[in-house]
Structures are given as C-alpha cells and as structure tokens.
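Enquirer:
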Amino acid sequence: MNPKWLTRAGLCALLAIISLAASAAPAGPPRVAVTDLAYEERVSEYFRVVSASSKSSLRASGRESERDSDDAYSRRSSGSLNARSESNYSSTEGTYSYIDRGEMRKFTADIKGGLIKSGRFELVQGKPFTDTKHTEKLYDIIARIKQGMYPGADYVLFGSINSIEFRQEANPIDHTNTVSHTLSLELVGEFSLINTRNYAIKSSFSAMGTGQDVKLLTSQGGRVVLNRGKVVSEVSRSLGEDVARQVEEQLTGVSSAEERDNSYRPRGESVREEVIIFK
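Under mature numbering (1 follows the signal peptide of the UniProt record, and there is no 0), the residues of the sequence shown are numbered -24 to -1, 1 to 255, in order.
1. Check whether the region 88 to 106 and the region 211 to 230 touch, using three or more Cβ-Cβ pairs below 8 Å as the test.
2. CA-CA distance, R132 and M80?
3. Quick check on the DSSP output: the alpha helix (DSSP H) that includes T186 runs from which residue to which?
4. Where do the ends of the alpha helix (DSSP H) carrying R143 lie?
5. Looking only at C-alpha atoms, which of E112, K82, S195 and A183 sits nearest to I149?
6. Which residues in the same chain have their Cβ closer than 7 Å to the Cβ of V200, if we skip the five residues on either side of it in sequence?
7. Within the continuous alpha helix (DSSP H) that includes V223, where are the two ends?
8. Does the region 159 to 167 come close enough to the region 140 to 147 to have 3 or more Cβ pairs within less than 8 Å?
9. Whole angstroms are fine: how far does the CA of E225 sit from the CA of S(-2)?
10. Using C-beta distances below 7 Å, list every residue in its chain close to K109, excluding the 5 sequence neighbours before and after it, in chain order.
11. With 16 other CB atoms within 10 Å as the buried threshold, where does I117 fall?
12. Can you tell me whether DSSP reads R120 as helix, strand or coil?
13. Less than 6 Å between C-beta atoms, sequence neighbours within five positions excluded: which residues of the same chain meet that for R39?
14. Where does Y22 fall in DSSP's three states?
15. On the DSSP bridge assignment, give the partners of D76 in chain order.
16. Rounded to the nearest angstrom, how far is the Cβ of D76 from that of V19, given a contact under 8 Å?
17. Kindly list the residues whose CB is nearer than 7 Å to the CB of L227, restricted to its own chain and excluding five residues on each side of it in sequence; keep chain order.
18. Does the beta-carbon of G205 have 16 or more other beta-carbons within 10 angstroms, so that it is buried, or is it exposed?
19. Do you know offhand how far L34's Cα is from F23's?
20. Look at the alpha carbon of A233 and the alpha carbon of Y175, and state the distance between them as a whole number of angstroms.
21. Would you list the one or two residues that DSSP bridges to E166?
22. Counting only the same chain and skipping the five closest in sequence on each side, list residues whose C-beta sits under 6 Å from that of R60.
23. Of all the options T11, Q123 and Q188, which has the alpha carbon lying nearest to the alpha carbon of N203?
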C-alpha cells in the first residue's frame, strides 16, 4: 500500500474529526449590547423681546441781503429752523416649544448586571448616540446597527423612557404629632431585544423601577433631608431586576419563579446534592 496514500487518508480523517468536533461544540451565550435609555420630551420656554429706537434731526437755514445807494440803505435777513424727533418702542412675549431628545446615562448598570447574573448572556459595550444635530435618528435603531455602533453584538437591547416622575409628600400620621415625609421616584420604560443580523424583535416589554425614602418628623421641629441618591439607586436596581426577568421569560418561555430557580443557574454553578445516611 502506498505510504503517501495512507498519509493523505490520515490527514483527511483528522480534518473530518476536527470539523465534527467544532460543529458539535456548544455555541457560546448570545452577546448583547445594552443601549442607554432614550428619552423624548416637549420643552416649552417663555420669551420676551423688547426693541426701542429714537431718531432726531435739526435743520437751520438763514439768508441775509444788504442794499446801499446814494438815496437809501436797506438790509434784509430771514431764517428758518426745522427740528424733528421720532421714537419707536415695541415689546413681544410668548412661549415656544421644541422637542428635546437624547440618551440618559443612568439606570443601565443594574440592567447589565441582571443580565450577567442570569448567566444566559454575554455583554458587549456599544457606542453612545452623540449626534446632537440629527436627534430624530435616535430611535432608528436599525440604522445605528448598520453604522456599526454595536460591534460583536448578536442582539441589542434598546430601551426608551415612557414616564419618569419624582414625588415629594408630607402626610400627618393620625393620632400622633408626627409627619411622614416621603420622596419617591417611578420610572417606566419600553424595551426591545433586536437581532443584529435580521433585525427581528426577539423580545418586547415594559418595565418599571421604583424607589422611595421616608423620614419622620415630630412637632418639635427639625430639618428633613431626604436621600435622593438612595431613591435613584433603588429605582435602578428594581428596574434592572424587572428587565432581566422579562428578557429571560420571553426568550425561554418560563414564567414561574420555581422553574427559573431550577433551570437558570449561572455558569460555573453546580447542582449540590445532599446525602443523608440513616444509622
């Protein structure tokens, strides 16, 4: 048998084994890029324009004649003065409106953390939207994908803010001399998980984050300082948990907490078995 033929046959077999092993190897977790939260709001501003001007002119003229002869002498003079003044004043006031669009560089860290904690996704960093001259392109996520703003991502999680509202309240507590002061924040956003290859929407949902800080003040008085940072932190954390939960539910079809606990384990976490020996 020809040794060269054996060598070629062995090489072909080795390549076939490598190809088979590569095709059988499990694919890595999908890579997701999370955008900053987009916002759009109508802004109204008051304006007042005052204009004042004045114009004046002065014109004078004179004429003088003199005549002298052997019999008589005469002298004549005449003059005129013309003065003119004009003033103008105008005032205009009102309001004008415009659409303010942009991305909020907050509330996404806990969303990314929730997706990482699930162990089902690998996160990649995308590029922020910085085109301040063409803000209408903010919501054209397909164009942003085509521009290469999310390199290496299999999916883009695009989020936009529907509502964000701070509330500060002071409520007396019945039958006491105490007043409850509350600072709360509620944020509602819409999210879509978009495939970067065929632009299919794999998941779409609304999510909410809430947070509050409460201080009690008695009738003896004092100064109430509500913790705004604590409120924002709670909103970010609860929003991240809600987003991560809904992404997992819609991608896998699992909705019960029990099934998630049994099925979704972070990578590297093994199932623990407890053995009880009865003597």
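Glycine included, C-beta positions come from ideal geometry on N, C-alpha and C.
Being a predicted model, the structure only gives us computed values, none of them experimental.
Expert: Taking the structure as given:
1. yes
2. One-based indexing of the sequence shown puts residue 132 at position 156. One-based indexing of the sequence shown puts residue 80 at position 104. Just to set this straight, residue 132 is Val in the shown sequence, not Arg. About 17 Å.
3. Translated into positions along the sequence shown, residue 186 becomes position 210. It is not in any alpha helix (DSSP H) - T186 instead sits in the beta strand (DSSP E) that spans I177 to T194.
4. The residue labelled residue 143 in the question sits at position 167 within the sequence shown. R143 -> not in any alpha helix (DSSP H); beta strand (DSSP E) instead, spanning Y131 to P148.
5. Position 173 of the sequence shown, counting from 1, holds the residue named residue 149. The candidate whose alpha carbon is nearest that of I149 is S195.
6. In the sequence shown, counting from the first residue as 1, residue 200 sits at position 224. Only H157, K191 and L193 meet the Cβ criterion.
7. Walking along the sequence shown from the start, residue 223 turns up at place 247. Segment R204 to T228, the alpha helix (DSSP H) holding V223.
8. yes
9. Residue -2 sits at position 23 when you count from the first residue of the sequence shown. Residue 225 sits at position 249 when you count from the first residue of the sequence shown. Its pLDDT being 46, under 50, S(-2) is placed unreliably in this model, and the coordinates cannot settle the point.
10. Stepping through the sequence shown from its first residue, residue 109 is reached at position 133. Here the set comprises nothing.
11. As a position in the sequence shown, residue 117 is number 141, starting the count at 1. Buried.
12. Here residue 120 refers to the residue found at position 144 when the sequence shown is read from its first residue. Three-state DSSP puts R120 in a helix.
13. Residue mapping note: residue 39 aligns to position 63 of the sequence shown, counting from 1. Taken in chain order, the residues that qualify are S54.
14. Mapped onto the sequence shown, residue 22 falls at position 46. Here Y22 sits in strand by DSSP.
15. Working through the sequence shown from its first residue, we reach residue 76 at position 100. DSSP lists E17 as partners of D76.
16. Position 100 of the sequence shown holds residue 76. Position 43 of the sequence shown holds residue 19. D76 to V19, Cβ: 5 Å. Contact.
17. As a first step, residue 227 is located in the sequence shown; it is residue number 251 there, counting from the start. Sequence-distant partners of L227 (beyond 5 residues in either direction) whose C-beta falls short of 7 Å from its own C-beta, in its chain, are K178 and S179.
18. On the sequence shown, residue 205 is found 229 positions in, with the first residue counted as 1. Exposure of G205 is indicated by the presence of fewer than 16 other C-beta atoms within 10 angstroms of its C-beta.
19. In the sequence shown, the residue the question calls residue 34 occupies position 58. In the sequence shown, the residue the question calls residue 23 occupies position 47. Cα to Cα, L34 sits roughly 38 Å from F23.
20. On the sequence shown, position 257 is the one that residue 233 refers to. On the sequence shown, position 199 is the one that residue 175 refers to. Note on A233: pLDDT 44, under 50, position unreliable in the model; the coordinate value appears next. So the alpha carbons of these two residues sit roughly 30 Å apart.
21. Locating residue 166 in the sequence shown gives position 190, where the first residue counts as 1. DSSP lists S136 and S182 as the beta-bridge partner residues of E166.
22. Reading the sequence shown from its first residue, position 84 is the one you call residue 60. S33.
23. As a working mapping, residue 203 is identified with position 227 in the sequence shown. Among T11, Q123 and Q188, the Cα nearest to that of N203 is on Q188.
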